[in-house]
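Student:
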Amino acid sequence: MDQIPDHVLIEIFNYFGCSSLKTLMNVCVRWSNLIKTSRKVTKKFNLTLTNSANGVIKIDDPLPDGSHSDLVIISKDSQNKSNPEFMKVLSENVENHKNSLQKLNLRGCYYVHAEVVEQKLSLFCDFIKEVEITDCMVSNNENLKELKWRNLRSLRIDKSCADFMLFFQNSQLQKLELSSAKNTLDTNSKLATFWKNQRKLKEFKITKTEIPLDILLDVLGHHNLSRLELDIKMISLNSDLIIELAKDSHWKKLSFLNGPCRDKACMTVKNIIAAHPCIDELEFHKTSFNESDFVMSHINNHLPHIQHLRLPLNYGSLKFNEVIKFEKLEVLEIEGIKYRLSVQKLFKILRMSRNLKVLRIYWVGHHARVSNDFFKNIFESLEDLQELHIGYKTDTFEITDEFLDVIKINGKNLKKLTTYSDKVEDLQDKMRIFDGSKVKCVVLDKNYEDMMDHKASFFKCNEFKTAATCVWSS
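One gets this note's numbering by counting positions in the sequence shown from 1 and adding 4 to each.
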């Protein structure tokens, strides 16, 4: 191997994924240096294609710390028609960076010509794995053509983007997200046509859509979904339909989104849980319960095999004298801890969840009175805890050196620590006490409003992401 030239080795390394490359870096110093300089592992790029007449391209230099924002922006042509020079620059750079590009975002491309969209999308068909479309429309949709997507597995359609679905007709999606779709005959027809060819769909998420749920459920009834994510408001209006669909479904992963869970919605949630004792992943996002609705107790009594659980801000419906049965729980996510009572009930869950590997607490309120002892008690209750995520407006305590010492001393099996800060760089410096240890530290900027959604493009962290993101916006 010592006789192989550097450029040949670099070419070989391009065929390996990020995790494999990190392993190869341990073989010898030469390999480690070559992999680092190949920009595959430790470097990312910021590629910007401007909206100028000649299609100027600019690749930003790395920041002093070696980090990059992994963002590619492809502007819509100002004349709303194909620009040969622009397309040449685009195709060359897509070819150069295709090993890093895995996600494509289309944003705000109103009434762009179908031929222009097709021409640009065709450059990504062979390697893109994930596509997200927001606020996009094509002006001459009668000329839309189907494209062959070889590796596309995930598609998210937002707003009035139904026209774009035909571009992805020949894909074998595993995950589909539909949000804010309008209830029109044209949209419903395109959705029905699109779904006919999707034979491998396993995950489906629908939020804030006006499309009648009976139309969607009629289609979903023909797919053997393993994961379903539903808006709470839709459940309230269509509880009987969902319960009927649930009888013949085999959902392993279930998520409820957006809004208070009361009355009919709460009863529907409980009926679904009772009908699916094999659910191993249950999540509540941005929801809340009345104290009188003992949904938590219902989960405890009907899902003995649950492995992943995300609880809403108000999860205090668990009775103190109730026996906890979460013996197989490995991942616990808490949307928020508002009061001291919630802290006490959290520890009641933790004490009987000895197999827990991941604990994520996204928000801690002032009245919870969280201190360093809180985290010390967590590690005493969970000896095998490997990942701790704590933050999002955690204003009840300052992340001090003493706090980090508690984590370092007590987190004997901890592999990843994630937290938030107003001053990312300052906290990253404090995190240096973990240098040389097995703990990976991630610091997120809590000033962004959308942190609860964990949008990767907003993250500022000291770990390297493995894939670049391609964004096409106007």
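Just so you know, even glycine gets a beta-carbon here, dropped at the ideal spot from N, CA and C.
Note that the coordinates shown come from a computational prediction; the quantities given were computed from them, not determined experimentally.
In the DSSP assignment, the alpha helix (DSSP H) including H11 goes from what residue to what residue?
Tutor: Here the question's residue 11 lines up with position 7 in the sequence shown. Unbroken alpha helix (DSSP H) run through H11: 10–17.
Student: Closest to R157 by CA distance: which of Q202, I14, N414, I210 is it?
Tutor: Position 153 of the sequence shown, counted from the first residue, corresponds to residue 157. With distances taken between Cα atoms, R157 lies closest to Q202.
Student: Need the endpoints of the beta strand (DSSP E) that V120 sits in, please.
Tutor: What you label residue 120 is simply residue 116 of the sequence shown in a count that begins at 1. Counting along the chain, V120 falls outside any beta strand (DSSP E), though it belongs to the alpha helix (DSSP H) covering 118–125.
Student: Leaving out the 5 sequence neighbours to the left and right, which residues in its chain are closer than 7 Å to T398 when beta-carbon positions are compared?
Tutor: Here residue 398 is taken as the residue at index 394 of the sequence shown, counted from 1. Residue placement at T398 is flagged as unreliable, the pLDDT there being 49, under the threshold of 50; the coordinate-derived value follows with that caveat. Closer than 7 Å at Cβ, skipping near neighbours: V368, Y424.
Student: Flag this pair as yes or no: are the beta carbons of K290 and P316 separated by less than 9 Å?
Tutor: Within the sequence shown, numbered from 1, the residue matching residue 290 stands at position 286. Within the sequence shown, numbered from 1, the residue matching residue 316 stands at position 312. For K290 and P316, yes; Cβs fall inside 9 Å.
Student: Buried or exposed: where does A372 fall if 16 or more other Cβ atoms within 10 Å of its Cβ makes it buried?
Tutor: In the sequence shown, residue 372 corresponds to position 368, counting from 1. Looking at its Cβ environment, which holds 16 or more other Cβ atoms inside 10 Å, A372 is buried.
Student: Which complete beta strand (DSSP E) runs does the stretch 372–432 hold, if anything under 3 residues is left out?
Tutor: Those beta strand (DSSP E) runs which fall completely within the stretch 372–432 and span 3+ residues are 391–394, 420–425.
Student: Report the CB separation of I365 from I341 in whole angstroms; it is logged as a contact under 8 Å.
Tutor: For the purposes of this step, residue 365 is taken as residue 361 along the sequence shown, with counting starting at 1. For the purposes of this step, residue 341 is taken as residue 337 along the sequence shown, with counting starting at 1. Sure, about 6 Å apart at Cβ, within 8 Å.
Student: Restricting to Cα atoms, I'd like to know which of Q123, H254, L110 is closest to E134.
Tutor: The residue given as residue 134 occupies position 130 in the sequence shown. Considering only alpha carbons, the answer is L110.
Student: With 16 other CB atoms within 10 Å as the buried threshold, where does I16 fall?
Tutor: Reading the sequence shown from its first residue, position 12 is the one you call residue 16. The residue is exposed, with fewer than 16 neighbouring Cβ atoms inside 10 Å.
Student: What number of angstroms, rounded off, separates the C-alpha of V121 from the C-alpha of I8?
Tutor: What you label residue 121 is simply residue 117 of the sequence shown in a count that begins at 1. What you label residue 8 is simply residue 4 of the sequence shown in a count that begins at 1. The straight-line gap from Cα to Cα measures roughly 43 Å.
Student: Could you pull the start and end residues of the beta strand (DSSP E) that H312 belongs to?
Tutor: Taking the first residue of the sequence shown as position 1, residue 312 is located at position 308. Element bounds for H312: 312–315.
Student: Taking the alpha carbon of H309 as the point to measure from, which residue in F288, H302, E331, M300 has its own alpha carbon closest?
Tutor: Numbered from its first residue, the sequence shown carries residue 309 at position 305. Minimum Cα distance to H309 is reached at E331.
Student: Could you name the residues of the same chain whose beta carbon sits closer than 6 Å to that of T231, not counting the 5 residues immediately before and after it, in chain order?
Tutor: Taking the first residue of the sequence shown as position 1, residue 231 is located at position 227. Reading the sequence as shown, one finds Arg at residue 231 and not Thr. Correct list, in chain order: E207, K257.
Student: Less than 9 Å between the beta carbons of E529 and K427, yes or no?
Tutor: Outside the displayed range of the chain (5 to 478) lies residue 529, so it cannot be described from this structure.
Student: State the Cα-Cα distance for the pair V12 and L28, rounded to the nearest angstrom.
Tutor: Sequence index remark: in the sequence shown, residue 12 carries index 8 (1-based). Sequence index remark: in the sequence shown, residue 28 carries index 24 (1-based). If you take the alpha carbons of V12 and L28, they lie about 15 Å apart.
Student: Along the chain, where does the beta strand (DSSP E) that runs through R203 open and close?
Tutor: For this step, residue 203 is matched to residue 199 along the sequence shown. From DSSP, R203 is part of no beta strand (DSSP E); its letter is neither H nor E.
Student: Just how far apart, CA to CA, sit C282 and L307?
Tutor: Numbered from its first residue, the sequence shown carries residue 282 at position 278. Numbered from its first residue, the sequence shown carries residue 307 at position 303. Whole-angstrom Cα-Cα distance: 7 Å.
Student: Tell me which residue opens and which closes the beta strand (DSSP E) that I137 is part of.
Tutor: For this step, residue 137 is matched to residue 133 along the sequence shown. Per DSSP, I137 belongs to the beta strand (DSSP E) from 134–138.
Student: Hey, could you find the ends of the beta strand (DSSP E) K209 is sitting in?
Tutor: Along the sequence shown, one-based indexing puts residue 209 at 205. Start and end: 207–211.
Student: Hey, quick one: how far does the beta strand (DSSP E) through R364 stretch, first residue to last?
Tutor: For this step, residue 364 is matched to residue 360 along the sequence shown. 362–365 is the extent of the beta strand (DSSP E) around R364.
Student: Grab me the residues of S175's own chain with a C-beta within less than 6 Å of its C-beta, minus the 5 sequence neighbours each way, in chain order.
Tutor: Translated into the one-based positions of the sequence shown, residue 175 becomes position 171. Correct list, in chain order: W153, L156.
Student: Indicate whether L159 and L127 have their beta-carbon atoms separated by less than 9 Å.
Tutor: Here residue 159 refers to the residue found at position 155 of the sequence shown. Here residue 127 refers to the residue found at position 123 of the sequence shown. Not closer than 9 Å, so no.
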